[in-house]
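Take a look at the structure set out below.
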Amino acid sequence: MSFELRDHTADVAVAASAPSLSGLFAAVADGLAAAGCEEIPDAGGERFPVEVRAEGVEALLFDYLDQLVYERDVRAVLPVDNEAEVREEGAEWTLSGSARGVPLADVDAREVKAVTYSEMCVAETADGWEAYVVFDV
Amino acid sequence: MTDDDVKQFGDIRLERVREHVWEMPREGEMRVPARVLASEQLLEQIRQDKTLEQLRNATHLPGMTKHAICMPDGHQGYGFPVGGVGATDAEEGCISPGSVGYDINCGVRMMKTNLTYAELEGKEEELVDALFANVPSGLGGGGIVQGDVDAVEGVLDRGVDWALEHGHAVEDDLAHCEDEGRRPDADPDAVSQKAKDRGKNQLGSLGSGNHFLEVQRVTDVFREDVASEFGLEEDQIVVLIHCGSRGLGHQVCSDYLRKIEKEHGDLLDSLPDKELAAAPAGSELAEEYYGAMCAAINFAWVNRQLIMHRTRRVFERVFGRDWEAMEMDLLYDVAHNIAKKEVHEVDGEDRELYVHRKGATRAFPAGRPELPSAYRDVGQPVIIPGSMGAGSYVLRGGERSLDLTFGSTAHGAGRTMSRTQAKQEYWGETVQDELRDQQKIYVKAQSGATVAEEAPGVYKDVDEVVRVSDELGIGDKVARTFPVCNIKG
């Protein structure tokens with residue numbers, strides 16, 4: 001799985017790809033961390049769980065990233081090394097995951113305000129999955 | 001109409017209506033035409049990204065009235081363009097959280113002083129260090145007030161009245177703030193616990209990105225009579241504070257985007273961009289969002305108030321005088337991410353509208369009843385921050401703003417370069433050194449990357465933005481200021 005930061009006049013976009021939907025979600029989440037911090041420490045911080053459910057795949061991605069931004073603010077940590085398992089359960093999509101929370105005091109991080117739906121794309125490709133997400137900074 | 005009066009940018013056609021006014025004719029699913037207020041120079045920049053496409057998308061919102069409008073500083077945002085104004089019918093239209101943006105009541109306030117630049121010279125480093133040490137900024141830096149449940153509820157409900165009750169304001173501050181610092185329609189119960197959780201540790205903080213606190217000197221006065229009413233004169237030191245409702249406001253927007261998606265999916269499906277999410281006027285959700293947004297507006301006003309009052313204390317220590325003796329009084333506080341119910345004349349009739357201003361500033365001329373008594377006869381102050389190397393402007397709401405822009409003008413210089421490109425082209429420390437050595441501007445930031453992202457070269461020419469505003473008569477040039485010290489997150 002991989003991600004890259006893409007140009008946007010005012011904000012920051014993340015383009016990600018992965019063989020699986022679970023990997024894709026984790027890659028976008030790592031992109032979110034990279035959008036806020038250029039040098040993420042390899043170690044430090046404790047892992048915390050992230051649980052999200054929503055009515056569709058894009059909604060699940062929105063809620064997942066929104067939850068990470070929330071966790072960052074209330075725990076005062078940067079969520080990195082994200083792990084996610086995405087499942088379709090009846091009419092719902094669920095995500096069970098975790099992140100390593102690096103204390104904000106230990107990194108030179110800038111604020112990503114929110115995830116947006118603008119131009120959001122989650123699509124299956126011949127090689128797996130890809131996504132594009134714009135973040136408000 | 002000559003060839004020079006028509007511009008074709010891909011599938012978007014613009015026709016010149018008159019100097020600085022370009023119209024995108026109504027076609028397809030557009031409910032109204034769109035207008036771009038720009039000189040040829042600014043239009044050339046505006047057309048480079050997706051601003052015009054986003055403006056066209058905004059015309060699809062139900063109840064959109066007259067035109068969707070792009071201000072001279074417009075640029076691509078998410079959903080609605082930054083620098084966008086859209087007025088929707090408050091009975092038959094909609095209210096669109098996506099067209100307000102995440103940072104509800106992001107805005108600027110200017111505080112005056114009776115200090116001159118000569119009195120500050122030699123103290124720049126001491127002042128910038130003291131401000132940086134005492135005004136929380138960046139990510140996880142906490143706030144001036146460690147908020148508990150009661151504090152957050154009080155702020156959401158009572159706005160700057162809460163700050164006054166707790167010793168962070170004086171009566172005169174309320175008299176010089178839009179709506180006297182309190183939205184009467186605020187409904188704290190419509191704000192989620194998640195939003196309150198995020199906000200309680202950030203009450204009185206700048207945040208990061210393009211937010212800043214800047215000490216400036218007045219370099220030019222263009223309208224002596226208005227400047228005199230505003231209490232501005234050349235060489236005077238003023239303080240500009242730019243920030244918003246922090247995580248609380250961001251969460252309010254996110255929460256309501258999702259609620260709209262769940263409850264009004266049919267309306268959402270009719271819009272070309274999901275980020276334009278809107279609740280039908282009169283629906284329960286529209287009322288709920290309006291109450292939550294107004295509460296977030298209160299939060300942002302208190303946020304800027306706390307920072308301003310702390311700045312007074314910092315000046316007291318650095319200059320060895322009481323802040324009252326330095327006449328550190330609020331000039332005005334303006335919001336530039338907001339939606340408000342306002343009455344405007346449309347086709348000869350007064351209609352109540354939700355006026356969405358996303359990256360646009362209210363610019364009411366003299367006579368509007370909403371203005372505080374101090375400015376009712378002269379027009380409201382409009383504060384236009386520029387980049388940290390180019391200075392800022394104080395305008396006065398223009399006579400033509402009600403007719404052309406629902407009483408609005410630009411909100412800043414507007415970006416021309418992405419943040420990633422900015423970091424490739426600029427190095428934060430170099431920018432800081434050059435500003436200090438060449439322009440005597442002292443910058444202190446949490447991160448060199450932030451300085452690079454906000455380098456003067458990444459913004460449009462604020463002089464040109466203000467020239468267009470002035471010539472259109474939507475915001476009249478009153479004074480220009482230039483940075484002395486700047487802190488950012």
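Protein sequences, first through last, are from chains A and B.
Going by full-length UniProt numbering, the first residue of the first sequence is number 1, and it counts up by one from there.
Going by full-length UniProt numbering, the first residue of the second sequence is number 1, and it counts up by one from there.
By construction, the Cβ of each residue, glycine as well, lies at the ideal position given by its N, Cα and C atoms.
Here the structure is a predicted model, which means the values were calculated and not measured.
Endpoints, the alpha helix (DSSP H) within which residue i is located
i	result
Glu124 (chain B)	124-134
Asn298 (chain B)	284-319
Tyr117 (chain B)	117-120
Asp162 (chain B)	A small fix is needed here, since residue 162 (chain B) is Trp in this sequence, not Asp. Taken as a continuous stretch (DSSP letters only), the alpha helix (DSSP H) holding Trp162 (chain B) covers 160-165.
Asp433 (chain B)	428-439
Leu174 (chain B)	171-175
Gly448 (chain B)	448-453
Phe230 (chain B)	224-230
Within chain B, the residues that residue i reaches when beta carbons sit closer than 7 Å
i	result
Ser118 (chain A)	Tyr78, Gly79, Asp273, Glu275
Ala16 (chain A)	Chain B residues near Ala16 (chain A): none, gap ~16 Å exceeds 7 Å.
Glu38 (chain A)	Ala449
Leu5 (chain A)	Thr420
Glu64 (chain A)	Correcting the residue identity first, residue 64 (chain A) is Tyr in this sequence and not Glu. Near Tyr64 (chain A) there are no residues of chain B at all, since even the closest Cβ is about 12 Å away, more than 7 Å.
N-terminal and C-terminal residue of the beta strand (DSSP E) that residue i is part of
i	result
Ile12 (chain B)	12-18
Glu4 (chain A)	2-6
Asn82 (chain A)	77-89
Glu51 (chain A)	46-54
Ala131 (chain A)	128-136
Ser22 (chain A)	It is not in any beta strand (DSSP E) - Ser22 (chain A) instead sits in the alpha helix (DSSP H) that spans 21-36.
Ser254 (chain B)	Here Ser254 (chain B) belongs to no beta strand (DSSP E); instead the alpha helix (DSSP H) covers 246-263.
Gly63 (chain B)	Here Gly63 (chain B) belongs to no beta strand (DSSP E), and DSSP marks it neither H nor E.
Gly101 (chain A)	92-103
Gly379 (chain B)	Taken as a continuous stretch (DSSP letters only), Gly379 (chain B) belongs to no beta strand (DSSP E), as it is neither H nor E.
Val394 (chain B)	392-397
Beta carbon of residue i nearer than 9 Å to that of residue j
i	j	result
residue 534 (chain B)	Ile144 (chain B)	Residue 534 (chain B) is absent from the model: chain B starts at 1 and stops at 489.
Arg100 (chain A)	Gly45 (chain A)	yes
Ile384 (chain B)	Ala335 (chain B)	no
Glu229 (chain B)	Asp220 (chain B)	no
Gly473 (chain B)	Glu399 (chain B)	yes
Ala15 (chain A)	Gly31 (chain A)	yes
Ala278 (chain B)	Gly98 (chain B)	yes
Thr405 (chain B)	Val382 (chain B)	no
Lys488 (chain B)	Val451 (chain B)	yes
Gly107 (chain B)	Gly63 (chain B)	no
Asp173 (chain B)	Ala163 (chain B)	yes
Ala114 (chain A)	Cys243 (chain B)	no
Ala455 (chain B)	Arg110 (chain A)	no
Asp120 (chain A)	Glu58 (chain A)	One point to set straight first is that residue 120 (chain A) is Met, not Asp, in the sequence displayed. Cβ atoms of Met120 (chain A) and Glu58 (chain A): closer than 9 Å.
Phe132 (chain B)	Lys341 (chain B)	no
Gly379 (chain B)	Gly397 (chain B)	yes
Beta-carbon neighbours of residue i, restricted to chain A and to distances below 7 Å
i	result
Asp103 (chain B)	Lys113
Asp49 (chain B)	Thr9
Contacts of residue i in chain A (Cβ-Cβ under 8 Å)
i	result
Ser228 (chain B)	Neighbours of Ser228 (chain B) on chain A: none; closest Cβ ~37 Å, over 8 Å.
His75 (chain B)	Thr9, Ala10
Gly209 (chain B)	Arg110, Glu111, Lys113, Val137
Assumed close pair residue i, residue j - CB separation to whole angstroms, cut-off 8 Å
i	j	result
Glu23 (chain B)	Val17 (chain B)	5 Å
Leu330 (chain B)	Val215 (chain B)	At roughly 15 Å, the Cβ-Cβ gap does not stay under 8 Å, so Leu330 (chain B) and Val215 (chain B) are not in contact.
Gly457 (chain B)	His411 (chain B)	Not really, about 20 Å apart at Cβ, beyond 8 Å.
Ala76 (chain A)	Gly140 (chain B)	5 Å
Pro72 (chain B)	Val468 (chain B)	4 Å
Ala84 (chain A)	Ala26 (chain A)	4 Å
Ser245 (chain B)	Asn105 (chain B)	5 Å
Lys194 (chain B)	Tyr70 (chain A)	6 Å
Val160 (chain B)	Trp301 (chain B)	5 Å
Leu78 (chain A)	Ala33 (chain A)	6 Å
Tyr442 (chain B)	Val484 (chain B)	7 Å
Leu402 (chain B)	His344 (chain B)	7 Å
Ala130 (chain B)	Val314 (chain B)	5 Å
Partners in chain B for residue i, counting only beta-carbon separations shorter than 8 Å
i	result
Ala59 (chain A)	Arg258, Glu261
Tyr132 (chain A)	None at all; the shortest Cβ gap to chain B is about 12 Å.
Which residues, in chain order, does the segment 95-111 of chain A contribute to contact with chain B at a C-beta distance below 7 Å? If the cut-off is 7 Å between Cβ atoms, the segment 95-111 of chain A has Leu104, Ala105, Asp108, Ala109, Arg110, Glu111 near chain B.
Members of the segment 403-435 of chain B that neighbour chain A once the beta carbon cut-off is set at 8 Å: Hits within the stretch, in order: Arg415, Thr416, Met417, Ser418, Arg419, Thr420, Gln421.
Looking at chain A, which residues of the segment 245-270 of chain B have a Cβ within less than 8 Å of any of its Cβ atoms? Of all residues in the segment 245-270 of chain B, Gly247, His250, Gln251, Cys253, Ser254, Leu257, Arg258, Glu261, Lys262 have a Cβ within less than 8 Å of some Cβ in chain A.
When you check each C-beta in the segment 176-202 of chain B against every C-beta of chain A, which residues fall closer than 8 Å? Residues of the segment 176-202 of chain B that bring their beta carbon within less than 8 Å of a beta carbon in chain A comprise Lys194, Asp197, Arg198, Asn201, Gln202, in sequence order.
Closer than 8 Å, Cβ to Cβ, to anything on chain A: give me those residues from the segment 128-153 of chain B, in chain order. Residues of the segment 128-153 of chain B that bring their beta carbon within less than 8 Å of a beta carbon in chain A comprise Gly138, Leu139, Gly140, in sequence order.
Residues of the segment 74-87 of chain A whose Cβ lies closer than 9 Å to any Cβ of chain B, in chain order: Along the segment 74-87 of chain A, going in chain order, the ones with a CB nearer than 9 Å to a CB of chain B are Val74, Ala76, Val77, Leu78.
By the 7 Å beta-carbon criterion, what residues does the segment 82-100 of chain B contribute toward chain A? Result list: Val82.
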